[in-house]
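>
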Amino acid sequence: MTTNNAETYNTNGSESRETGAKSLRKMALVLDSFTRKQPSLTVGEIANVTRLPRTTVHRIVASLRDVGLLDQDGRRQGYRLGMKMFHYGSSVLDSLDTATRAHPHIARLQQLTGEIIHFHMFDGHQMVCVEREEMIASSLTTLSAAPTYCTSVGKAFLAFQDETLVRKIADEGLHKYTDNTITSLEALFEDLKLIRARGYSIDNEEIEVGVRCIGAPVRDSTRRVFAAVSVSGPAERMPDARLAGLAPTVIQIANDISTALTE
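Per the UniProt record's numbering: the sequence shown = residues 1 to 263.
1) Who are I212's beta bridge partners in DSSP?
2) Counting only the same chain and skipping the five closest in sequence on each side, list residues whose C-beta sits under 6 Å from that of G215.
3) Quick check on G233: buried or exposed, where buried means 16 or more other Cβ atoms within 10 Å of its Cβ?
4) Taking the alpha-carbon positions, what's the V211 to M238 distance?
5) Would you kindly check if the distance between the Cβ of H103 and the Cβ of E131 is under 9 Å?
6) Going by beta-carbon coordinates alone, are F226 and M121 separated by less than 9 Å?
7) When you compare the CB positions of G78 and S40, do they come within less than 9 Å of one another, or not?
8) First and last residue of the alpha helix (DSSP H) that includes H58?
9) Threshold first: 4 residues or longer. Then list the alpha helix (DSSP H) segments lying entirely within the region 121 to 185, N to C.
10) Reducing DSSP to helix, strand and coil, say where S33 ends up.
11) For G173 and T98, what's the separation of their Cα atoms in angstroms?
12) Return the residue from the list L109, C129, D162 that minimises the CA-CA distance to N255.
13) For R219, which beta-bridge partners are listed by DSSP?
14) Among the residues of its own chain, which have a CB less than 6 Å from the CB of L64, if the five just before and after it don't count?
15) For a quick check, are the C-beta atoms of A257 and H118 less than 9 Å apart?
16) Rounded to whole angstroms, how far is the Cβ of T56 from the Cβ of K26, which I believe are closer than 8 Å?
17) Give me the Cα-Cα distance between C150 and N180, rounded to the nearest whole angstrom.
18) Suppose you measure from the CA of Q161 to the CA of I182; what does that come to, to the nearest Å?
19) With H, G and I counted as helix, E and B as strand and the rest as coil, what does DSSP make of Q111?
20) Does the distance from the CB of D203 to the CB of L261 come in under 9 Å?
21) What residue range does the alpha helix (DSSP H) around G44 cover?
22) Nearest-angstrom Cα distance between N48 and T42?
23) Using the DSSP secondary-structure output, state which residues sit across from H118 in a beta bridge.
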């Protein structure tokens, strides 16, 4: 009986994911219909472009309008891309500009250390990798999206945020990746306090066994910490003494990036 229930549950889960994926693809088709030549479209025109049923298009358009991704164009009873799309595009451009300005300093840090360098920005939930620099291809894992509570970039960012955000992230769950992962809010607060005091963070094999990292916060023009830079390497090449020796360099590069972003 238990097996049958499990099979039913798994099947329903797969069907639900597939349904969600299909809906997302249809939404993408609708958004892709809008171009510079055709910035405003009616439901009928969208249906012709996407070859989706009008009823489906009408439902999707209504949902996209409700969340601000589409605006109603009263001049021709149609729709156009909403201002939220402009906001998303601006955020992407800002990220690209930030990565471009940070790159020379990230490259210099790689030359100085010989290790893998990561530059991550906070996206409201986790740290997103926008730049990686290494001398030769490495077998070390690169996370395109890294947790804040158990990575050097994440903790370098989190240490300088409001306590409310720290608690929110903890409430979402402190998943245990390795035996060294911090899984209690009290221990996390203690680690963040130490990071603020010394100006850098350490990932002591907390998300991947055999990998240690050191990170430092990057600030914007208002001195707000919004990103972090890190040096990652195999644990055998990153003993405590070397991490301590790298700290001034990592902090200086982080400060140089912060300065470059305000010029």
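Glycine included, C-beta positions come from ideal geometry on N, C-alpha and C.
Answer, in terms of the structure:
1) Going by the sequence as given, residue 212 is Arg instead of Ile. Bridge partners of R212: N204, G233.
2) S152, V153, A156, S201, A228, S230
3) buried
4) 8 Å
5) yes
6) yes
7) yes
8) 54 to 66 is the extent of the alpha helix (DSSP H) around H58.
9) Fully enclosed alpha helix (DSSP H) runs of 4 or longer: 152 to 158, 163 to 171.
10) coil
11) Rounded to whole angstroms, the separation of the alpha carbons of T98 and G173 is 30 Å.
12) Put simply, of L109, C129, D162 the residue whose alpha carbon is nearest the alpha carbon of N255 is L109.
13) V225
14) Listed in chain order, the non-local C-beta contacts of L64 below 6 Å within the same chain comprise L70, local neighbours out to five positions each way being set aside.
15) Residue identity check: residue 257 is Ile in the sequence provided, not Ala. No.
16) 7 Å
17) 9 Å
18) 18 Å
19) Helix, per DSSP.
20) no
21) 43 to 50
22) 10 Å
23) DSSP lists R132, S230 as partners of H118.
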